[in-house]
Every structure is written in structure tokens, then in C-alpha cells.
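Presented below is the structure to which this report refers.
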Amino acid sequence: MTRTAPEALEGQHPMAPTVAEPSSWQLRLRRFGYRPPAAGTLSIGTRDRLDPPYTRPSPRVTSLLGLGPAAAERLWRLAAWGGPLLVAAVAGVLRFWNLGKPHAVIFDETYYAKDSWALINQGYEGAWPKDIDKTILTNPGSVLVPTDPGYVVHPPMGKWVIGLGEKIFGFEPFGWRFMVALLGTLSVLMLCRIGRRLFRSTFLGCLAGLLLAVDGLHFVMSRTALLDQVLMFFVLAAFGCLVLDRDRTRKRLAAALPEDEEGVLRPDAEIAETLRLGWRPWRIAAGVMLGLAAATKWNGLYVMVGFGLMTVLWDIGGRRTAGAVRPYLAVLKKDVLPAFVSVVPVALATYLATWTGWLVTDKGYFRDWAEKQDALPGGGGTWSWLPDWLRSLWHYETEVYNFHVGLTSPHTYESNPWSWIVLGRPVSYFYESPAPGTAGCPASAKEKCAQEILALGTPLLWWAACFALVYVLWRWAFRRDWRAGAIACAVAAGWVPWFLYQERTIFLFYAVVFVPYLCLAVAMMIGAIIGPKGATERRRTFGAVAAGCLVLLIVWNFIYFWPIYTATPIPMDQWRARMWLDTWV
């Protein structure tokens, strides 16, 4: 039986459920900022807890701008999309500016640009001859797609995306970088909108998008034809779909709850535990996006597990807020199976669909493996009753998995995932040393210039994110803030799995998958620095100044490192000044 303090019942609405006294551990945790729900207040603000309103500009701000109520309302509605579109436009200009430079095959573009060209033209990757890169750069029209199959170790979706840009703009650097730059720009737009929905603030949403726009790692990856930026886009899209699904289902719960005679929404245990949440198209869309993510790089599978658990926990929280006494049991009965069907089978079907080019041809690598096995003495073995294409694909996937877990070859730029968050060992994609007076190197230079593309996150942003992650974890653990939990889950899903493969050859640029959530964490921390809505004017003024200085320093830091993000030739002493850590060289 629930114990209730007598004084807590005074003034409590008769329909409101009783609330247990805080336990001893809850009282001890108060010193760290934990706030247990006050007795008798569980039902207050149920509508706002299920469907929180968006923050509107204060009357003081609108009066300073000389706007009346009607004009302020129009501006607020316009900013919901106008702000994110403006931030995305800035990101797009940065990413598409001089995109075809350097006119070179940089880093792993030597694999993905050619595999994408073969895939988009014949449905499977070819075995390219060595030293073909120079011919591609000088005379791409003379390069024939090899018909012999090539052994590749990543699923095809990311290469389909890169190949689309090549199909439109040609087999040259701008062509194979175009779609990656486009997805990088769109990801900034998505993050603005996702942040706005998470924080219920257009300002904080646009701030998160701006931070992503000026992150060096995201910027460099948006201008390089690698798979990780494509993976980041699909993961972010899946996250956004799940946030939309959360809002949609909680609105449905709010709409089903009764109102009392004063028009106040009241929790109802029966409704909260028995209501079917119906068709959930955004969760199915998330399943498609997660399938596309896994079909780009396999670490998308870990993200699917993390996001799947997250969306189920959100359902538990929603039903509990609506009044469910046994929310876990209610979700187990009503939501777990639909959630599984909406995500896992959908993602699997999407993954298989991306292999269509390999499936409809008979020349892809290992495409006829099952047929060859059947032709051997003794037949194809235990699984010979399965379709040939499925057995061949499974064998291919098994070989690729063995390759990945056994990849331990040392590399100059490999790094341990522990060092990623502090930018311990970035990867140099391109480096040349033009002589003075050549290739953009000033004639007045006393020695050769440095021309580099370094996959380095904006240092001040990443180092601020270290503190922001601590704040997010504190906020999640002690304030039960679901937004902090969502950010922490997304960072963990993209980062933690790599700790299982610390002996494998891995690189810092894999971290681009969770960069958007670092930006959300920093934006959330900046919101706390500015201060809550009810804070004094003096407090918010000092907070706004401090937050503004931090943002301006991050933007300045991005501008400062611009030359080594874009292969702009600079004198050697200027390049050395930008090598803040010895491990960056």
C-alpha cells in the first residue's frame, strides 16, 4: 500500500493519485541536484508534460524590436522554418564552395569513388586496376568500368548515394563529393528542426545546427566521398523520426485522457494502460532509415539496438505520465511487439533492397558461390534448401565480417576511441608542400607552404562538448530529463561499440556519426548557462553574455582552422601554429 504524508494531501485534487514519500536514497541524492516529484503534484501540468508548448519570445524582446502582438506571432511562426533554413543555407555555402578542390583522389576516395561509379553503372563493384586514379583525374571519359567483380567490405547503400552524384555531374571530384556535401547540408537543417523539437526552442535548435555547421570534422567529411557522412545522415534521420513518433504518440495519449470540471487534464490508469497507440508511420520511417544506415556501414546495427531500446523507454515514460500504474507491463502488452515489427523487419527488408544491383546480376563477387557449392560432391550442405542468392549473400557477409574483426594492420593515423572526444589523433586526408610562388603558395614565403586537409573537429567545440556530456549525464541521472537521456543514448550508440574493437584499426573520423548529438549537448548546456525562464534579468544577462562568448569563440576557432580544412596553402609557420597538439602532425 502506498504511504502518503498527511500534509501532502491538503489541497490535493480528489482525482489526483497519491504520491509516495521520497525514499532515503532519493533524499540523499538531493545534494547532487536530484528532484523527486512533490507529493500531490503528479497530475499538475499533465497536458504540458505530454505535449510541452514551444518557447515564445518574451514581450520584452518583441517590444524592443517594435513589434505588435500580431507581427510577433507571424515572426515566431516564420522563425520555426526560416531560422533552420537560414542556418542550413550558410552550411551549404561553406560545404559547396570550391567543392571540386583539390582536384585529387584524397584518402579513401580511392575506393569509394571508383566502387560507386561501377555500382551506379553496372550494379556491382568492379576490380579496378592499380594506378588508375591519375587517369581518372586527367581523362575520366577514357576510363572503362571493369566487368570483373571486386571484393568490397562495406554494404552498397553509401556507394549508391555517392554514385548518384557521379551520374549527374560526372566521374570527377565534384561529382563524387556532391551527394555527400548535400547530405551534410541537409543534416544541419535536420538538426535545427530536431533540436527545436527536443528543446521546444527555435533558438536552441538553430544554435545546435549552427554548431554542426562550423564543426571541422563534419565540414571535412561533407567535402569528402567517404561512407561515414552518409551513415551519419541516415542515423540522424532515424533519430528525428523517433522524436516525431514520440511527440505524436504522447499527443494521442493526451487527447484520450479526461478533463475535470476546470478543464484540467487528469491522468487515468485504465486509459494509460489499455489505449492502443495505432498506426505509427514515423517509427516505420525510422526503421527504413536504420536499415539504410546498416546498409551503409555495419555499425548502424548498434545504433538500431540503442534507438530501439530508447523508443520503448519513451513509450514507458509516456504511459506513466498518462497515469499508468504498471507502465512496463502495459508497454510489454501493447507496444513492444509493434515496435519490433516497425523497426527490425522493416530495417532488414530495407537492407536487402539495397543489394538489388548485386542480386539481379550474375557477376557480382560471390554471386554464384551457392551454385558452385551445390556442384561439389555432396551438394550444398545443410542449408541447400534456401535460395541460392540468400546463401551466397550470407557467405559474402560472413567473409566481410571476418575481414573487419581481423583488421589489425597498423596505420599512421589509427587511434583509440578513448582519445576521440579530445581529438587525440585526427586523420590527414591530403598533404602537399608547394614551393613559394606555385600552387597558391605566396611568393614571399621563406620556405615551402603546407597544403593539408585534416579531419579535425573544431577543437573548442569538442572540448566544450566534454563538459556538455557530463552535464547531460547529470541532467539525465538526477533531473530525469528525457532530452538528456536521448542525447546520451545517441552518443553512446555511435561511440561505445568501438570500445569492443580496440585492437582493430580504427580512426577518429568514425566519430562523425555522433557529432550532431555533441552539438545538441553543447546547445543544451548553453541553454542552462543562459538561465531558466524564471531567472532574474541580471542572471540571464550574464548568462547570455557568457553563452555568446562561447559561441563566438567556437565560430572563430572554425575560421582559424579553415586553411587546414580546405587545403588552402599557408606558410609553414602558420601551419605549425595550428598544430596545437603533437599528435596532430
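Residue numbers are given in the working numbering: position 1 of the sequence shown equals residue 144, and the series is strictly consecutive.
Just so it is clear, CB atoms sit at the ideal spot from N, CA and C, and this is done for glycine as well.
In this structure, DSSP gives residue 571 an extended state, which the three-state scheme calls strand. For residue 334, the enclosing alpha helix (DSSP H) starts and ends at 316–342. Just so you know, the alpha carbons of residue 506 and residue 370 end up roughly 24 Å apart. Residue range 602–622 is occupied by the alpha helix (DSSP H) that includes residue 609. Under the 10 Å beta carbon count, residue 627 is surrounded by 16 or more other beta carbons and is classified as buried.
Within the same chain, Cβ atoms closer than 6 Å to the Cβ of residue 470 are found at 459, 462, 463, the five residues on either side in sequence being excluded. By the C-beta criterion, the stretch 364–382 is judged not to be in contact with the stretch 671–684, since fewer than 3 inter-stretch pairs fall below 8 Å.
Apart from sequence neighbours up to five positions away, the residues of its chain that approach residue 394 with a beta-carbon distance below 8 Å are 193, 194, ordered along the chain.
Contact between residue 704 and residue 359 holds: their C-beta atoms lie close to 6 Å from each other, under 8 Å. In the displayed model, residue 268 falls within coil according to three-state DSSP, outside both helix and strand.
The DSSP-derived three-state label of residue 584 is coil.
Rounded to the nearest angstrom, the gap between the Cα atoms of residue 403 and residue 409 is 7 Å. In terms of Cα proximity to residue 553, the closest of 451, 647, 481, 657 is 647.
Around the beta carbon of residue 595, 16 or more other beta carbons lie within 10 angstroms, which makes this residue buried. In the structure shown, residue 713 falls within a strand segment according to DSSP collapsed to helix, strand and coil. For residue 222, the enclosing alpha helix (DSSP H) stretches over residues 212–239.
Just so you know, the alpha carbons of residue 533 and residue 368 end up roughly 30 Å apart. If you draw a 10 Å sphere on the C-beta of residue 539, you find 16 or more other C-beta atoms in it, and that means buried. Here the stretch 471–491 does not lie against the stretch 266–280, with fewer than 3 beta-carbon pairs under 8 Å apart.
The straight-line gap separating the alpha-carbon atoms of residue 390 and residue 235 is approximately 29 Å.
Contiguous alpha helix (DSSP H) elements confined to the stretch 613–696 occur at 625–638, 658–673, taking only those with 4 or more residues.
In the same chain as residue 489, and ignoring 5 residues on each side of it, the C-beta atoms closer than 7 Å to its own belong to 427, 430, 431, 434, in chain order.
Beta-bridge partners assigned by DSSP to residue 414: none are found. Taking all protein chains in view, the Cβ of residue 713 is crowded by 16 or more other Cβ atoms within 10 Å, so the residue is classified as buried.
When secondary structure is reduced to three states using DSSP, residue 597 falls in the strand class. Here residue 325 is actually not in contact with residue 386; their C-beta atoms are around 23 Å apart, not less than 8 Å. For residue 485, the enclosing alpha helix (DSSP H) starts and ends at 479–496. Nearest Cα to residue 503 within the set 447, 536, 445: 536.
Sequence-distant Cβ neighbours of residue 512 in its own chain, meaning closer than 6 Å and more than five residues away, are 535, 538. With a beta-carbon spacing of about 5 Å, residue 597 and residue 569 fall inside the 8 Å limit used to define contacts. Residue 370 carries a helical assignment under DSSP once its states are collapsed to helix, strand and coil.
Nearest neighbour of residue 286 by Cα position, chosen from 276, 295, 293, turns out to be 276. The stretch 246–253 and the stretch 215–225 do not touch, with fewer than 3 CB-CB distances between them shorter than 8 Å. When the beta-carbon positions are compared, residue 641 and residue 560 come within less than 7 Å of each other.
With a minimum length of 4 residues, the unbroken runs of alpha helix (DSSP H) contained wholly in the stretch 504–552 fall at 512–518, 531–548.
Bounds of the alpha helix (DSSP H) holding residue 305 are 300–312.
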